[in-house]
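So the structure is just underneath, and the comments pick up after that.
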Amino acid sequence: DAGVIQSPRHEVTEMGQEVTLRCKPISGHDYLFWYRQTMMRGLELLIYFNNNVPIDDSGMPEDRFSAKMPNASFSTLKIQPSEPRDSAVYFCASSLPGGGTTDTQYFGPGTRLTVL
Amino acid sequence: DQQVKQNSPSLSVQEGRISILNCDYTNSMFDYFLWYKKYPAEGPTFLISISSIKDKNEDGRFTVFLNKSAKHLSLHIVPSQPGDSAVYFCAASGYNQGGKLIFGQGTELSVKP
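So the protein lines, in turn, are chains X and B. Under my numbering, the first residue of the first sequence carries the number -19, and numbering increases by one thereafter. Under my numbering, the first residue of the second sequence carries the number 180, and numbering increases by one thereafter.
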C-alpha cells in the first residue's frame, strides 16, 4: 500500500487566499484525522471522521477552517480566508476499522503551509 | 492548557548510551499512552504504547515506563543509535477525551556517533 497520501506537499499563499489541502487515507481504514503541527503546541487534532462522518471538530480553530470527507478515499481541509498564523505543517492520518481512535494511526507526509 | 507536556525540546546523547525522553500529563482520566517518532519531511510513525494497567512495556531497544501516581511516562532507548535521531512525540488518550489522541510538543533527539 502507498500509505496515506497528502497533496500538495508545500503550499505558499498570500493572506486572504483560499487554501485546500487534500488527503487520501489507506484503503480499508475507516478513521481519518487532520492534525496541525506548530512549535509551540506540537501536534493538535483538528477534526476526525469515522466512515466519512465528522465525529469531533472541537479542535478546528475557527470558522475559517472546514473539512469534508465525500467518500472513503478522499478528504479535504479548507482554510478561507487564510492568515499568516495558519502557517504550519498539516498532517492527515488514518486508522484501521474497529480500532477506534486510540489505535495506531498512520500519518501522511504532511503539507507545509506558508501564508505570507 | 497543555494536557500532555514534553518539557525538553531537545536531547543529545552519545551513540551506545541510553536516551531517556520524558513526558508529563495532567488528566488522570488518560488510560492509554503512545510514543511516535518523526523524521524530517515525514509524518510521525507509531513506536510503542502502554496501557494504564501496566507500568512497563518493552519492544527491543525501546521501553516505556508509566508512573500513574506522578502522571509521568518515559521512553528509554538502549543502546541509542544515530538512526534514532528524530523528534519523539508523546500522546495520551482517555474516556473523557472522546477517544482523541492528545500529543505533546515533541522532543528532538540527536544521537552523536
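By construction, the Cβ of each residue, glycine as well, lies at the ideal position given by its N, Cα and C atoms.
Member of the options whose CA lies at the smallest distance from the CA of residue i
| i | options | result |
| --- | --- | --- |
| Phe225 of chain B | B:Leu280, B:Ile199, B:Val183 | B:Leu280 |
| Ser(-13) of chain X | X:Leu96, X:Pro89, X:Asn51 | X:Pro89 |
| Glu(-6) of chain X | X:Ser7, X:Lys4, X:Ile27, X:Pro61 | X:Pro61 |
| Asn246 of chain B | B:Cys202, B:Ser289, B:Arg240, B:Gln260 | B:Cys202 |
| Ser259 of chain B | B:Ser207, B:Ile199, B:Leu213 | B:Ile199 |
| Tyr51 of chain X | X:His9, X:Ile27, X:Pro64, X:Glu24 | It is worth fixing the name first, because residue 51 of chain X is Asn in this sequence and not Tyr. Considering only alpha carbons, the answer is X:His9. |
| Val(-16) of chain X | X:Thr94, X:Pro64, X:Val95, X:Ala73 | X:Ala73 |
| Ser231 of chain B | B:Gln284, B:Gly273, B:Gly285, B:Lys217 | B:Gly273 |
| Val243 of chain B | B:Ala270, B:Gln193, B:Lys217 | B:Ala270 |
| Thr18 of chain X | X:Asp37, X:Arg65, X:Ser7 | X:Arg65 |
| Tyr15 of chain X | B:Asp234, B:Pro223, B:Gly239, B:Met208 | B:Pro223 |
| Ile197 of chain B | B:Asp263, B:Phe212, B:Glu221, B:Gln284 | B:Asp263 |
| Phe282 of chain B | B:Val266, B:Pro261, B:Asp238 | B:Val266 |
| Glu63 of chain X | X:Gly39, X:Phe45, X:Ile6 | X:Phe45 |
Assigned exposure category for residue i - 16 Cβ within 10 Å defines buried
| i | result |
| --- | --- |
| Glu(-9) of chain X | buried |
| Lys4 of chain X | buried |
| Tyr204 of chain B | buried |
| Tyr215 of chain B | buried |
| Val33 of chain X | exposed |
| Asp43 of chain X | exposed |
| Ile59 of chain X | buried |
| Pro41 of chain X | exposed |
| Gly195 of chain B | exposed |
| Leu254 of chain B | buried |
| Gly(-4) of chain X | exposed |
Bridge-paired residues (DSSP) for residue i
| i | result |
| --- | --- |
| Val(-1) of chain X | X:Ile59 |
| Asn201 of chain B | B:Ser253 |
| Tyr267 of chain B | B:Lys216, B:Thr286 |
| Val243 of chain B | B:Asn236, B:Leu254 |
| Val95 of chain X | X:Thr(-7) |
| Asn51 of chain X | X:Phe54 |
| Ile35 of chain X | Bridge partners of Ile35 of chain X: none, in fact. |
| Val(-16) of chain X | Answer is none; Val(-16) of chain X lacks a bridge partner. |
| Asn30 of chain X | X:Tyr11, X:Val33 |
| Tyr86 of chain X | X:Ser74 |
Presumed contact (8 angstroms Cβ cut-off) between residue i and residue j, rounded CB distance
| i | j | result |
| --- | --- | --- |
| Leu190 of chain B | Leu252 of chain B | With 8 angstroms as the limit, Leu190 of chain B and Leu252 of chain B do not qualify as a contact, their Cβ atoms being about 15 angstroms apart. |
| Phe241 of chain B | Ile229 of chain B | That pair is no contact at about 11 angstroms. |
| Phe71 of chain X | Phe87 of chain X | 5 angstroms |
| Leu12 of chain X | Phe268 of chain B | About 19 angstroms separates the two Cβ atoms, so there is no contact after all. |
| Ser67 of chain X | Thr84 of chain X | Contact flag wrong, Cβ pair sits at about 29 angstroms. |
| Thr91 of chain X | Thr0 of chain X | Their Cβ separation, rounded to whole angstroms, is 10 angstroms, which puts Thr91 of chain X and Thr0 of chain X out of contact at 8 angstroms. |
Residue-chain proximity (residue i, chain B), Cβ-Cβ < 8 angstroms
| i | result |
| --- | --- |
| Gly88 of chain X | yes |
| Thr94 of chain X | no |
| Thr84 of chain X | yes |
| Arg97 of chain X | Because chain X spans -19 through 96 in this model, residue 97 of chain X falls outside it and cannot be assessed. |
| Leu57 of chain X | no |
| Phe71 of chain X | yes |
| Leu25 of chain X | yes |
| Asp10 of chain X | no |
| Asp36 of chain X | yes |
is_contact[residue i, chain X] using C-beta, thresh 8 angstroms
| i | result |
| --- | --- |
| Thr205 of chain B | no |
| Leu190 of chain B | no |
| Glu221 of chain B | yes |
| Thr286 of chain B | no |
| Thr242 of chain B | no |
| Lys279 of chain B | yes |
Proximity test, residue i beta-carbon vs the ligand NAP heavy atom, cut-off 7 angstroms
| i | result |
| --- | --- |
| Ile256 of chain B | Looking for the ligand NAP in the displayed structure turns up nothing, as the structure carries no ligands at all. |
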